[in-house]
Every structure is written in structure tokens, then in C-alpha cells.
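Under this note's numbering, the letters of the sequence shown match residues 16 to 145, in that order.
These notes concern the structure reproduced below.
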Amino acid sequence: MLDMIKRQSLIWAGLAAIVLVFIANLGYIGHFVELLRDVEWYVFALVVVAQLGSYYSIARFYQSILRIFDYKIQTSRLFEAALAINFVDLAFPSGGVSGASFLPQYVEGEVPVGKTTLVQLSRYVFTFLS
């Protein structure tokens, strides 16, 4: 029950933040629409597909590192985790610290927190090196 309340609170906080950003940028809507008209639809679609491919690649990276420790986690769960982690890292820019607490929540009860922290750290190291 407490988990559900926490989740609903986060959803409402996120929606409130979106509304605040929308209200703060009301004067720019016309300019945004003009810019959106100049974008080719296939470029926009390609960007969306590339972003989804990036999340999938991150999920497979998590899966391959966890497999080293003999943990078999579904790609779909890790895909959700990658999406949430990237969103949190963008919403709260703190060098990845904000999103680091999300991976353990997605594999709770199956993988110890220390190993998920190691997986997250290895992702940041390999991202930095690439």
C-alpha cells in the first residue's frame, strides 16, 4: 500500500512539473509550432527510433553485466529501468546519481543493491570511455 502511495505521489509530482513547465513557456508555443513545421517527419521518426534503440542497448548492456553474476533478468524490465533512469537523469541533472537508485528498484529481491550499483557504474564508465 505504501509503495502504491509513493508511486502515485511521484506521478502527481511529475504531472505538476509538466504543467509548470508548460505554463512557464506559454509565450513560446507559437515559435515552437513554427519550428515543428520545419522538421521533416521522417527525421523526427528516425530520432524516436534511435532513442528507443538506445534504451534497448542499455537494457541489453545491463543484462549482459548481470549475466556475469548469474542473474537472468528480462530485457523488458531492464528496458523500463533504462527509460526511467534516463528520464530521472535528465530531469535531475546530478551526474547520474539521481538515476542510480532506480535500477535496484526494478530488480528488487533478485539482485543485491551493491551489484546493481556496480552495473550502473560500469554503464557510466563505458559511456564515458566511448
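Note that the Cβ used here is the ideal one computed from N, Cα and C, for glycine as well.
No experiment lies behind these values; they were computed from the predicted model shown.
query                                                                                             : result
Inter-stretch contact at 8 Å, needing at least 3 Cβ pairs: the stretch 90-103 / the stretch 75-82 : yes
Y86 and E125 closer than 8 Å at C-beta                                                            : yes
Inter-residue spacing [alpha-carbon to alpha-carbon] between E55 and Y43                          : 21 Å
8 Å Cβ cutoff met for T131 and V122                                                               : yes
Helix, strand or coil at F102 [DSSP, three-state]                                                 : helix
F47 beta carbon less than 8 Å from that of R138                                                   : no
Closest Cα partner of I88 within the set L105, A39, V134                                          : V134
Under the three-state DSSP convention, the category V58 falls into                                : helix
Same chain only: Cβ atoms within 6 Å of V63, ignoring 5 sequence neighbours per side              : none
Buried/exposed call for P119, threshold 16 Cβ in 10 Å                                             : buried
Exposed unless 16 or more other CB atoms sit within 10 angstroms - verdict on F107                : exposed
Exposed unless 16 or more other CB atoms sit within 10 angstroms - verdict on G114                : buried
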